[in-house]
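There are 4 protein chains.
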Amino acid sequence: MYFSSDNAGPALPQVMQRVQEANTGFALPYGADPIMKEVRERIRDIFEAPDAAVFLVATGTAANALALASYCRPWQAVFCTRIAHIQEDECNAPEFYSGGAKLCLVETSDKMTAQGLRDRIEAEGVRGVHGPQRGPVSITQVTERGSVYTLDELRELTAVAKSFELPVHLDGARFANALVALGCSAAEMTWKSGVDVVSFGGTKNGCLGVEAVVFFDPSKAWEFELRRKRGAHLFSKHRYLSAQMAGYLQDGAWLEAASRANANADYLVAGLRRVGAEFLHEPQANMVFTRFPARLHQRLHDAGAHYNMWDDALEGADPEAMLAARLVCDWSITHEQIDLFLSHFD
Amino acid sequence: MYFSSDNAGPALPQVMQRVQEANTGFALPYGADPIMKEVRERIRDIFEAPDAAVFLVATGTAANALALASYCRPWQAVFCTRIAHIQEDECNAPEFYSGGAKLCLVETSDKMTAQGLRDRIEAEGVRGVHGPQRGPVSITQVTERGSVYTLDELRELTAVAKSFELPVHLDGARFANALVALGCSAAEMTWKSGVDVVSFGGTKNGCLGVEAVVFFDPSKAWEFELRRKRGAHLFSKHRYLSAQMAGYLQDGAWLEAASRANANADYLVAGLRRVGAEFLHEPQANMVFTRFPARLHQRLHDAGAHYNMWDDALEGADPEAMLAARLVCDWSITHEQIDLFLSHFD
Amino acid sequence: MYFSSDNAGPALPQVMQRVQEANTGFALPYGADPIMKEVRERIRDIFEAPDAAVFLVATGTAANALALASYCRPWQAVFCTRIAHIQEDECNAPEFYSGGAKLCLVETSDKMTAQGLRDRIEAEGVRGVHGPQRGPVSITQVTERGSVYTLDELRELTAVAKSFELPVHLDGARFANALVALGCSAAEMTWKSGVDVVSFGGTKNGCLGVEAVVFFDPSKAWEFELRRKRGAHLFSKHRYLSAQMAGYLQDGAWLEAASRANANADYLVAGLRRVGAEFLHEPQANMVFTRFPARLHQRLHDAGAHYNMWDDALEGADPEAMLAARLVCDWSITHEQIDLFLSHFD
Amino acid sequence: MYFSSDNAGPALPQVMQRVQEANTGFALPYGADPIMKEVRERIRDIFEAPDAAVFLVATGTAANALALASYCRPWQAVFCTRIAHIQEDECNAPEFYSGGAKLCLVETSDKMTAQGLRDRIEAEGVRGVHGPQRGPVSITQVTERGSVYTLDELRELTAVAKSFELPVHLDGARFANALVALGCSAAEMTWKSGVDVVSFGGTKNGCLGVEAVVFFDPSKAWEFELRRKRGAHLFSKHRYLSAQMAGYLQDGAWLEAASRANANADYLVAGLRRVGAEFLHEPQANMVFTRFPARLHQRLHDAGAHYNMWDDALEGADPEAMLAARLVCDWSITHEQIDLFLSHFD
């Protein structure tokens with residue numbers, strides 16, 4: 007009963023297979039391995055972007071911080087939501103990599119709205135040399151609360167950014183989960199909707215540790231390479247990153263894994279609805295924010311269920327108090343585990 | 007015939023085995039996995055340092071830059087040789103991670119000498135608030151030219167550092183190669199010789215991409231954790247780093263691999279001596295800096311041998327000109343490949 | 007009719023006098039001048055803090071950024087209000103000097119409340135290594151909206167900070183204006199109320215360009231000196247900074263100037279009340295945030311009055327629309343100028 | 007007998023006069039004061055550069071660090087001599103302002119040579135993404151050892167830089183002293199000789215604390231403004247910087263002061279030659295590096311002479327040992343003081 011995060015599950019067999027296969031003989035280091043060539047072409051195909059610059063790093067925070075820094079000067083502001091991963095969960099990595107840029111927060115409990123973004127940008131650009139200058143907009147898809155921006159919503163946001171001539175970054179730690187939820191193409195969810203650079207996640211959806219950074223404008227490529235090396239994120243035995251990504255993208259493994267994760271969440275949600283749990287946000291991908299009585303949390307806790315309480319503390323709570331939790335389903339969790347989890351609600 | 011670097015070879019079977027085994031079920035992320043517990047204990051045992059703080063990162067540059075930054079304020083100087091990896095091959099990562107510290111270079115063509123270090127430190131500390139302040143000393147063992155400091159040499163260097171109350175970092179990207187060359191214990195080569203923090207390399211000696219940072223003074227632990235996270239070097243699926251290191255350290259695999267790499271270099275050196283090649287430095291571990299006529303380089307080049315020319319360019323050189331090359335042997339290169347390489351000298 | 011800012015007026019005669027007198031013969035540079043000795047003692051007396059470390063810099067932003075950086079690690083959060091000068095008007099200087107710390111904003115339209123501060127701190131410290139760590143609290147006295155914290159309010163805020171073991175910085179760009187408004191001692195408004203370090207402003211209240219940074223804990227002194235030098239804020243001909251501060255503090259010149267500035271604002275406020283202007287905040291020192299019809303703004307504008315519109319734009323506004331303005335009085339503005347300003351309301 | 011530095015003398019009467027005159031009424035802050043307009047035009051005239059972007063800061067380190075940062079990315083190398091002020095005397099300010107660039111040192115005991123510079127640049131650009139990238143060249147005129155590059159020497163250096171497409175910064179802390187020594191125009195010593203940006207010193211030659219940064223390519227202007235503000239070097243009461251510079255440039259005051267300083271040094275050198283002192287470098291401007299017996303140092307010391315010993319320590323020295331000293335003459339030192347100094351050699 008492991009619902010803590012999709013970063014706690016195992017890697018896909020296809021990923022392991024390619025890593026295993028890669029482990030033979032010598033290979034050119036630092037991204038010059040032949041598998042990287044394959045990966046680059048594959049990603050360009052997927053994104054219908056034959057000129058895209060494609061790089062691999064091993065963590066999502068590295069992907070985000072390096073991508074943003076490439077579009078941000080130290081005296082600028084990055085626009086994101088208050089709940090953005092880059093704001094809440096990266097220990098100031100964006101500030102570090104950008105050389106001290108400021109994150110300017112759009113207030114929201116989940117998605118960024120076009121109006122909220124516009125207001126925030128307008129409020130920031132009025133102090134001349136004194137205030138921070140307007141910089142990139144960063145959008146998380148799937149959001150940190152499990153919601154998925156529609157293509158229209160994405161386009162409205164990027165239109166706001168473009169009206170201020172600001173670049174747009176997409177934090178796609180759960181890119182595949184969003185894509186299968188929307189049923190659109192990778193191109194539609196990115197550059198066709200006005201996105202300039204994507205953190206294309208692999209780790210949470212079945213890799214060991216690999217994320218791609220995809221620039222649709224390849225003029226940023228060399229700067230990114232220098233930033234990646236200076237940040238100590240260039241792997242010498244790069245083939246093992248390449249191999250993970252190659253396995254992930256092979257024969258649609260990535261989309262299948264995301265579909266399974268989303269379906270697992272649907273199955274969990276259906277069960278939670280039956281037992282009367284409430285939902286903080288309408289689940290749209292593989293994350294479920296739900297609320298149910300403390301006594302049930304206690305029961306699950308005693309039974310060894312793993313998940314994060316959300317803002318609420320279980321200890322000392324009234325047994326009937328409705329407490330919130332975040333439940334994340336990865337591709338590997340089974341219906342048996344979910345059923346077992348739900349059985350404690352009876 | 008692959009002598010470019012020990013970062014181009016495959017991973018050890020023991021390493022792959024443990025990675026494979028780790029890929030089952032759920033595991034706590036971010037270093038809380040049970041394999042990391044095993045690794046931590048194993049490293050403490052190896053170093054005879056029951057209180058040591060042990061962390062894993064995926065690249066050598068990350069290990070060095072994060073370890074140094076933990077002992078360095080932005081207004082300080084880091085003392086290292088002109089040929090140090092941190093100076094030449096990390097694209098200013100130490101400056102980045104330290105917030106702008108300065109690398110002060112001890113002039114040498116290979117090893118740092120105690121006198122050279124003392125002179126450099128003394129020259130740096132005389133300008134009060136105006137100049138950089140004295141900071142940590144960083145020593146590379148095996149050196150970037152393939153030499154190995156004796157324990158006496160190490161102790162002389164650390165004694166100089168200690169006489170100025172400066173901490174000592176050991177860049178042990180080829181830690182195991184040095185250890186088997188010296189035939190001493192890990193404790194003797196580190197804290198018993200005055201070293202405060204070690205980058206304990208795994209990648210070059212048979213891992214996919216993992217290095218340990220070992221602090222003998224555990225009071226630096228929390229700061230390091232924050233620096234690692236802020237630097238985007240904390241892995242969510244940390245178990246795959248742990249598993250590599252566990253396999254590496256299992257049943258002496260790491261020492262056996264290093265012994266093989268060093269023996270491979272010995273075998274190569276013996277062959278090179280027979281054919282009259284010259285040596286820039288006396289090879290002591292698994293790196294060989296050698297000089298032979300351009301026409302032989304050309305022949306090897308045409309035959310598909312991989313290695314780095316050293317300062318010299320082959321193109322346009324006089325056929326009889328003696329040109330330098332760096333030849334690195336990893337654990338996996340075979341005597342057949344070495345023999346094939348040498349056959350071109352006939 | 008110059009109400010734009012108190013940074014646009016001239017320097018006090020006492021300040022100019024001391025600068026002139028200082029301009030003779032040779033003097034030790036970099037703060038070793040004898041006038042600095044006098045200034046240090048004078049400030050220690052004023053603050054009843056015989057051990058305080060006292061430094062001079064030339065700009066308020068330097069004072070704030072250097073003081074905060076001395077109490078802040080790059081992975082920490084600085085707590086301040088959304089309207090803080092360090093947030094809005096320093097072009098990311100705090101992020102720069104701290105090496106990438108994050109400013110965490112307490113929502114308010116003016117003063118920080120103890121509850122607001124506590125909520126913000128509590129919200130920030132719950133993500134372990136993933137989120138920013140809690141760092142210093144920065145309070146502006148006089149606030150950026152012209153309000154003055156009472157001693158009780160200050161103590162409540164610092165008590166919150168202390169309950170989390172966080173240091174407290176006071177941005178005292180208008181320190182003297184606050185002091186005369188409260189009628190208390192400098193010690194009461196700082197260390198006796200729990201403040202650890204003060205930016206003690208001189209520039210806005212009659213100097214050419216000088217601010218003192220006062221650390222009540224002198225153990226920060228050497229680090230500050232290095233930060234100041236590295237930030238290029240150590241003056242070689244330091245005597246001219248010292249002389250300004252010496253003149254400023256001489257015979258109560260600083261308090262007299264602040265009393266005049268505050269009295270000028272009182273006089274302006276009384277006049278504005280008579281003509282029916284509204285106030286956004288109750289003026290307590292020398293800044294007035296007021297609202298009156300656009301047609302009056304236009305008339306003042308045409309007459310050459312200088313002041314900042316506040317959020318509202320005059321151009322294209324309905325003549326009867328109530329638009330906001332910030333009016334700042336410095337020590338040098340005359341009742342004649344204020345009367346002239348008010349005459350346009352008739 | 008004050009020969010410690012030209013940063014220890016008083017300001018020129020013309021400078022004080024303009025500061026005094028500026029101290030009346032209100033003036034627009036942050037560089038929008040009318041005196042700055044005058045200064046900008048004056049400097050453009052002096053440099054025969056009608057499009058130059060001109061900014062004022064208060065310290066030489068700020069001028070250097072901000073100017074260099076505007077031409078340098080964090081992963082680059084700045085080329086300068088081992089004895090450069092930016093290397094030795096700015097406490098890592100260039101590293102700080104550039105976000106962690108590396109200073110690559112041309113070995114020399116005084117001037118940089120074209121060959122030395124070329125060798126250093128060539129040595130730095132050979133490691134692809136691994137090493138630092140080539141960045142700006144910084145030349146100090148007058149050098150830190152009191153020498154003056156001829157125009158031919160300057161042009162040879164900038165030609166090397168240009169052959170690698172690198173920008174050139176001139177640290178002109180003693181710009182005027184060099185100019186009068188060469189008897190050329192400011193344009194000839196800068197952009198006509200290939201210089202892109204100048205730190206145009208005022209402080210050491212008779213100002214209180216002001217330096218101009220002059221960009222011959224005005225496209226850097228806005229970035230510089232943001233860097234200056236973020237670095238806390240933008241003065242609110244900017245008129246007092248402007249006024250200093252206006253007085254300095256008025257009626258050739260700056261050139262006259264430099265001529266006097268150089269002549270004072272000539273007078274001192276002539277006297278030292280008479281008494282048999284040795285010279286480490288041939289004095290060409292207002293700095294004298296000389297060597298004479300310890301017993302004479304002691305005598306001067308006892309008589310209250312101020313100057314810096316150079317590498318040598320007086321304490322415990324053999325009375326006849328030849329010890330080095332740096333003697334700097336500013337515009338204000340009198341022949342009487344020099345004669346008094348020399349009288350101790352009898």
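If you read the sequences in order, they're chains A, B, C and D. Using the numbering used here, count along the first sequence one by one with no gaps and you end on 352. Using the numbering used here, count along the second sequence one by one with no gaps and you end on 352. Using the numbering used here, count along the third sequence one by one with no gaps and you end on 352. Using the numbering used here, count along the fourth sequence one by one with no gaps and you end on 352. Idealized CB from N, CA, C, for every residue including glycine. Being a predicted model, the structure only gives us computed values, none of them experimental.
Asked: Compare the beta carbon distance of I41(C) and S248(C) with 8 Å and say whether it is the shorter of the two.; Found: yes
Asked: Would you tell me roughly how many angstroms separate the C-alpha atoms of C97(C) and S338(A), rounded to the nearest one?; Found: 47 Å
Asked: Whose C-alpha, out of T340(D), L109(D) and W197(D), is nearest the C-alpha of Y273(D)?; Found: T340(D)
Asked: Note down, in chain order, all residues in the segment 83-111 of chain C with a beta-carbon under 8 Å from any beta-carbon belonging to chain D.; Found: E96, C97, N98, A99, F102 and Y103
Asked: What in chain B is Cβ-close to W316(C), meaning under 9 Å?; Found: Going along chain B, no residue has its Cβ under 9 Å from W316(C), so there is no contact; the nearest lies around 37 Å.
Asked: List the residues of chain C whose Cβ lies closer than 7 Å to the Cβ of H136(B), in chain order.; Found: K235
Asked: Could you confirm whether any beta carbon from chain A is found closer than 8 Å to the beta carbon of Y8(B)?; Found: yes
Asked: Is there at least one Cβ from chain C nearer than 8 Å to K43(D)'s Cβ?; Found: no
Asked: Is it buried or exposed, A167(C), if we count other Cβ atoms within 10 angstroms and call 16 or more buried?; Found: buried
Asked: Where do the N-terminal and C-terminal ends of the beta strand (DSSP E) with I145(A) fall, by residue?; Found: Q139 to T146
Asked: Taking only beta-carbon atoms, is E231(D) less than 8 Å away from chain A?; Found: yes
Asked: Name the DSSP beta bridge partners of L109(A), please?; Found: V84(A)
Asked: In the structure shown, what three-state DSSP assignment does N314(D) receive?; Found: strand
Asked: Please confirm if the segment 9-29 of chain A is in contact with the segment 307-317 of chain A, defined as three or more CB-CB distances below 8 Å between the two stretches.; Found: yes
Asked: Need the endpoints of the beta strand (DSSP E) that G178(D) sits in, please.; Found: V174 to G178
Asked: Classify T65(D): buried if its beta carbon has 16 or more other beta carbons within 10 angstroms, exposed otherwise.; Found: buried
Asked: Are the segment 262-278 of chain A and the segment 74-90 of chain A touching, with three or more C-beta to C-beta distances below 8 Å?; Found: no
Asked: Nearest to R304(D) by alpha carbon, out of A327(D), F170(D) and V334(D)?; Found: For the sequence presented, residue 304(D) should be read as Gln rather than Arg. Nearest option by C-alpha distance: A327(D).
Asked: In angstroms with no decimal places, state the Cα-to-Cα distance between S437(C) and P19(C).; Found: The first residue shown for chain C is 7 and the last is 352, placing residue 437(C) beyond what the model contains.
Asked: Of all the residues that make up the segment 118-134 of chain A, which are near chain C by a beta-carbon distance shorter than 8 Å?; Found: R133
Asked: Exposed or buried, G134(B), counting other C-beta atoms within 10 Å across all chains shown (16 or more means buried)?; Found: exposed
Asked: Closest Cβ-Cβ distance between W337(A) and chain C: below 8 Å?; Found: no
Asked: On the DSSP letters alone, give me the boundaries of the alpha helix (DSSP H) that G253(A) sits inside.; Found: R245 to L255
Asked: In chain C, what lies closer than 7 Å to M293(D) by C-beta?; Found: Near M293(D) there are no residues of chain C at all, since even the closest Cβ is about 15 Å away, more than 7 Å.
Asked: Out of A271(B), D257(B) and Y246(B), which has the shortest C-alpha to C-alpha gap to D39(B)?; Found: Y246(B)
Asked: Could you check how far apart the C-beta atoms of V63(B) and V219(B) are, in whole angstroms? I think they sit under 8 Å.; Found: 7 Å
Asked: Just confirm the distance between the C-beta atoms of R24(B) and Q250(B), as a whole number of angstroms; I'd bet it's less than 8 Å.; Found: 7 Å
Asked: Can you pull out the residues from the segment 234-255 of chain B whose beta carbon lies closer than 9 Å to at least one beta carbon of chain C?; Found: R234, K235, R236 and L240
Asked: Below 8 Å on the Cβ atoms is my contact criterion, and I expect P102(B) with P142(D) to pass it. Report the Cβ-Cβ distance as a whole number of Å.; Found: One point to set straight first is that residue 102(B) is Phe, not Pro, in the sequence displayed. That belief does not hold up - the Cβ atoms of F102(B) and P142(D) are roughly 18 Å apart, past 8 Å.
Asked: Go ahead and label E130(D) buried or exposed: buried means 16 or more other beta carbons lie within 10 angstroms of its beta carbon, across all protein chains shown.; Found: buried
Asked: Contact defined as beta carbons within less than 8 Å: I believe C190(C) pairs with L163(C). What is the distance between those atoms, to the nearest angstrom?; Found: Actually they are not in contact, since the Cβ atoms of C190(C) and L163(C) sit about 16 Å apart, beyond 8 Å.
Asked: Going by DSSP, which residues form a beta bridge with T296(B)?; Found: F285(B) and A331(B)
Asked: What whole-angstrom Cβ distance do G207(C) and R180(C) have, given they're in contact under 8 Å?; Found: 6 Å
Asked: Please identify the residue among C86(A), A309(A), A263(A) and A120(A) whose C-alpha is closest to the C-alpha of F347(A).; Found: A309(A)
Asked: Which residues mark the beginning and the end of the beta strand (DSSP E) in which G207(D) is found?; Found: V203 to G207
Asked: DSSP three-state label for Y36(C), please.; Found: coil
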